[in-house]
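Enquirer: Numbering (the working numbering), first residue to last: 1 to 321.
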Ligand SMILES: Cc1cc2nc3c(=O)[nH]c(=O)nc-3n(C[C@H](O)[C@H](O)[C@H](O)COP(=O)(O)OP(=O)(O)OC[C@H]3O[C@@H](n4cnc5c(N)ncnc54)[C@H](O)[C@@H]3O)c2cc1C
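See below:
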């Protein structure tokens, strides 16, 4: 059994479910599981952490933590580490953690394994798996020495159990010195999509160059909205201006691990696979039976996406009705 501290990532008072995956996994392994929520007026999330298995919930609250910056959040998490004194610190591998956890690892003088897809608690020792060579192989990682162990885990790698809604938390407050911060967010300009982000969605419908223009992505959006999915894109589609860069999946885009990834007219270049090959189920729709994407697909449809995708949308709508 180890003392584990899980960083609960939240934006505008809404926690990422990927953080709760880690709380639940730690609690299920019998660890003394602490959760820390950083922000301004975030006490409303304390009960959720307890319901997924946290033994103790800590809040680091300050008006200066309302909007995330790597500088302020790393100071806040280090303050929590000093108070809780954990053996293991975990965070979901999101763009936020990707940026600020390396700062924390330096400030706390601890080792950090990033972008892991599996974790096991062997007593107080973490055993991790992380993809290497663009996901073509995976490395098994353990920490040497006796110091604190830190890791970021890809969302959807573990799965989320049902919360025990009868539980409540009695959160403790941790103070942090935020004087002399050198960075400040002036404004957050939000995207106008109501769809989930590709890194968090359980289903991702992605399109490639073959969509031919931005307007044709409407057929993927219709399918996505029918099944509650995010819309992703290959780099070729993004470079051609069909989708914004935030939707790009791959080596130079986002890494996703949804339950189901539907690749529509995407050839399956190694750089694209690097961002989606850890998806649980991969469906490929491509007119070329030799397309490399079929080599990693669980289900393949050889056909014209302009016919196949609308037909799938119609069938899913029927099922939903
Ligand atoms: C350093 C570097 C980093 C990169 N990073 C990324 C990255 O992060 N993400 C990424 O995606 N790529 C990345 N790339 C680019 C990558 O190598 C490929 O060029 C790109 O993924 C190809 O995109 P695509 O599959 O949409 O296009 P294409 O390779 O042109 O494939 C189009 C596919 O659509 C099929 N098709 C055509 N018409 C239809 C139709 N009507 N119905 C069904 N199928 C059809 C074709 O058979 C073909 O397989 C990177 C490249 C480099 C060098």
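All residues carry an ideal CB built from backbone N, CA and C; glycine is no exception.
All values derive from a computational prediction rather than experimental measurement.
What is the DSSP secondary structure of residue 277, counted as helix, strand or coil?
Expert: Within the chain shown, residue 277 is the residue found at index 277, counting from 1. Correct three-state label for residue 277: coil.
Enquirer: Hey, is the stretch 78-89 in contact with the stretch 188-205, meaning 3+ C-beta pairs nearer than 8 Å?
Expert: The stretch 78-89 is not in contact with the stretch 188-205.
Enquirer: Give the straight-line distance between the Cα atoms of residue 311 and residue 230, rounded to the nearest whole angstrom.
Expert: Mapped onto the chain shown, residue 311 falls at position 311. Mapped onto the chain shown, residue 230 falls at position 230. Between residue 311 and residue 230, the C-alpha separation is close to 19 Å.
Enquirer: Given the structure, does residue 249 come close to ligand 1, in the sense that its CB is under 8 Å from one of the ligand's heavy atoms?
Expert: Taking the chain shown and counting its residues from 1, one reaches residue 249 at position 249. Answer for residue 249: yes, Cβ within range of ligand 1.
Enquirer: Please list the segments of the alpha helix (DSSP H) lying wholly inside the stretch 9-60, counting only runs of 4 or more residues, in order along the chain.
Expert: 17-28, 46-51
Enquirer: Going by beta carbon distance, what residues of the same chain come within less than 6 Å of residue 35, once the five residues before and after it are set aside?
Expert: Position 35 of the chain shown, counted from the first residue, corresponds to residue 35. Here the set comprises 6, 8, 23, 49, 54, 57.
Enquirer: Just to confirm, are residue 223 and residue 64 a CB contact at a threshold of 9 Å?
Expert: In the chain shown, residue 223 corresponds to position 223, counting from 1. In the chain shown, residue 64 corresponds to position 64, counting from 1. Cβ distance not < 9 Å, so residue 223 and residue 64 don't count as in contact.
Enquirer: May I ask whether a heavy atom of ligand 1 can be found less than 8 Å away from the beta carbon of residue 264?
Expert: Sequence index remark: in the chain shown, residue 264 carries index 264 (1-based). For ligand 1, at least one heavy atom lies less than 8 Å from the Cβ of residue 264.
Enquirer: Which residues in the same chain have their Cβ closer than 7 Å to the Cβ of residue 165, if we skip the five residues on either side of it in sequence?
Expert: Sequence index remark: in the chain shown, residue 165 carries index 165 (1-based). The residues are 51.
Enquirer: I'd like to know whether the C-beta of residue 179 is nearer than 9 Å to at least one C-beta of chain B.
Expert: In the structure shown, chain B does not exist; there is a single protein chain.
Enquirer: Look at the alpha carbon of residue 135 and the alpha carbon of residue 254, and state the distance between them as a whole number of angstroms.
Expert: Counting from 1 along the chain shown, the entry for residue 135 is found at position 135. Counting from 1 along the chain shown, the entry for residue 254 is found at position 254. Taking the straight line from one Cα to the other gives about 13 Å.
Enquirer: Start and end of the alpha helix (DSSP H) containing residue 315?
Expert: What you label residue 315 is simply residue 315 of the chain shown in a count that begins at 1. Counting along the chain, the alpha helix (DSSP H) containing residue 315 begins and ends at 305-320.
Enquirer: Using a Cβ-Cβ cut-off of 6 Å (strictly less than) and excluding sequence neighbours within five positions of residue 27, which residues of its own chain qualify?
Expert: Position 27 of the chain shown, counted from the first residue, corresponds to residue 27. Shown here for residue 27: same chain residues with a beta carbon closer than 6 Å to its own, the five before and five after excluded, namely 33, 53 in chain order.
Enquirer: Is it the case that the CB of residue 272 approaches a heavy atom of ligand 1 more closely than 8 Å?
Expert: Walking along the chain shown from the start, residue 272 turns up at place 272. Yes.
Enquirer: Thinking just about the alpha-carbon of each residue, which of 204, 79, 319, 306 is nearest to the one in residue 156?
Expert: Here residue 156 is taken as the residue at index 156 of the chain shown, counted from 1. Looking at the Cα atoms, 204 is the closest of the given residues.
Enquirer: CB-CB under 6 Å to residue 302, same chain, minus the five flanking residues each way: which ones, in chain order?
Expert: The sequence position of residue 302 within the chain shown is 302, counting from 1. Taking C-beta separations shorter than 6 Å and ignoring five residues to either side along the sequence, the partners of residue 302 in its chain run 289, following chain order.
Enquirer: Rounded to a whole number of angstroms, what is the C-alpha to C-alpha distance between residue 101 and residue 125?
Expert: Indexing the chain shown from 1 puts residue 101 at position 101. Indexing the chain shown from 1 puts residue 125 at position 125. If you take the alpha carbons of residue 101 and residue 125, they lie about 19 Å apart.
Enquirer: Does ligand 1 have a heavy atom nearer than 8 Å to the CB of residue 128?
Expert: Here residue 128 is taken as the residue at index 128 of the chain shown, counted from 1. No - ligand 1 has no heavy atom lying nearer than 8 Å to the Cβ of residue 128.
Enquirer: Pick helix, strand or coil for residue 83, following the three-state DSSP scheme.
Expert: Taking the first residue of the chain shown as position 1, residue 83 is located at position 83. Of the three classes helix, strand and coil, the one that applies to residue 83 here is helix, per DSSP.
Enquirer: Just checking residue 222 against ligand 1 - is the residue's beta carbon closer than 8 Å to any of the ligand's heavy atoms?
Expert: By one-based count along the chain shown, residue 222 stands at place 222. Because no heavy atom of ligand 1 lies under 8 Å away, the Cβ of residue 222 does not count as near it: no.
Enquirer: Say yes only if the C-beta of residue 235 is nearer than 8 Å to one or more non-hydrogen atoms of ligand 1, and no if none qualify.
Expert: Along the chain shown, read from residue 1 onward, the residue named residue 235 stands at position 235. Under cutoff, so the answer is yes.
Enquirer: Can you tell me where the beta strand (DSSP E) holding residue 120 begins and where it ends?
Expert: On the chain shown, position 120 is the one that residue 120 refers to. Where residue 120 is concerned, the enclosing beta strand (DSSP E) stretches over 118-122.
Enquirer: Using only the heavy atoms of ligand 3, determine whether one of them is closer than 8 Å to the beta carbon of residue 312.
Expert: Among the ligands present in this structure, namely ligand 1, ligand 3 is not found.
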